[in-house]
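In my numbering, the protein residues as written are 14 to 289.
Here a beta-carbon is modelled for each residue, glycine too, at the ideal position from N, C-alpha and C.
Let me begin by presenting the structure, written as structure tokens, before commenting on it.
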Ligand code: MG
């Protein structure tokens, strides 16, 4: 199989994994699997492409090592989907077989890479890769959100329900932190914002769990071949104190975004009694 064919094969694998993720049930126990599977399948394709652009044999082997890890992790999550009965095994097995075959091909390529020149792309495809290296260029997005606090509403921040006598007045569950992070990711991608994707006059999103919005942003990010580098958030809230809840909120964000907790930072400010 030529390098160009393998680029296409891993890309098709990534797309099929995304489709499968979309078919997974929309409930909390499947969200983590969704985010992890879409991340590692997308990374398999993106890193194979990047391997062929490596400037040295060492760089080629290093990238190929990442492809092996990501393809193998894809096997793990696909097997988990089957074991947890999240989808019929007959639907998942073909993709699991493809992930296993890709892993085997990459393992074989790594074994033979030593002492060999890395595969050479044709002039046309190499030019194309150079013109379109978007997953290699970091992008930064900014998100902001503000909600009024009203009695009779739950106060939900970062997927966590906080004990308080009022909550955010919003069409959805009013999770300002998830909303802001969703917009930051969409902004980095240059795509529609949260209000355009999930209009506040659409009954489907009334009292909706905002993890749905953040998960959609994550899926779009993964589909473009990107992953979280780091996330730095500031929540302005006079009451209640957010400090004790930081670890749980950071873990929620990391889980939804398919990254380590160490890549997520959360700061809490009171705004000194001024409008918060
Ligand atoms: Mg909002």
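- Secondary structure within the stretch 197-259: the alpha helix (DSSP H) runs of 4 or more consecutive residues, fully enclosed, are 207-210 and 224-236 (chain order).
- If you look at residue 52, you'll find it in the alpha helix (DSSP H) that goes 41-65.
- Here residue 51 is near residue 232, since their CB atoms are less than 7 angstroms apart.
- When C-alpha distances from residue 173 are compared across 96, 98, 206 and 256, the shortest belongs to 256.
- The beta carbon of residue 278 is closer than 6 angstroms to those of 245 in its chain, skipping five residues each way along the sequence.
- Secondary structure note for residue 33: its alpha helix (DSSP H) is the uninterrupted segment 16-36.
- Per DSSP, the unbroken beta strand (DSSP E) holding residue 281 starts and ends at 277-282.
- Just so you know, the alpha carbons of residue 197 and residue 267 end up roughly 15 angstroms apart.
- Burial of residue 158 is indicated by the presence of at least 16 other C-beta atoms within 10 angstroms of its C-beta.
- The beta carbon of residue 194 sits closer than 7 angstroms to the beta carbons of 156, 227, 244, 246 and 266 from its chain, once the five residues preceding and following it are set aside; these are given in chain order.
- A distance below 7 angstroms between beta-carbons, with the five flanking residues on each side excluded, links residue 76 to the following residues of its chain, in chain order: 60, 63, 64 and 67.
- For the set 190, 33 and 118, the Cα lying nearest the Cα of residue 92 is the one of 33.
- In this structure, the CA atom of residue 105 is about 7 angstroms from the CA atom of residue 95.
- Judged by DSSP in its simplified three-state form, residue 179 adopts strand.
- Spanning the alpha carbons of residue 43 and residue 229 requires a straight line of approximately 14 angstroms.
- Residues lining the ligand MG by the Cβ criterion, that is a Cβ closer than 5 angstroms to any of its heavy atoms, are 158 and 192 in chain order.
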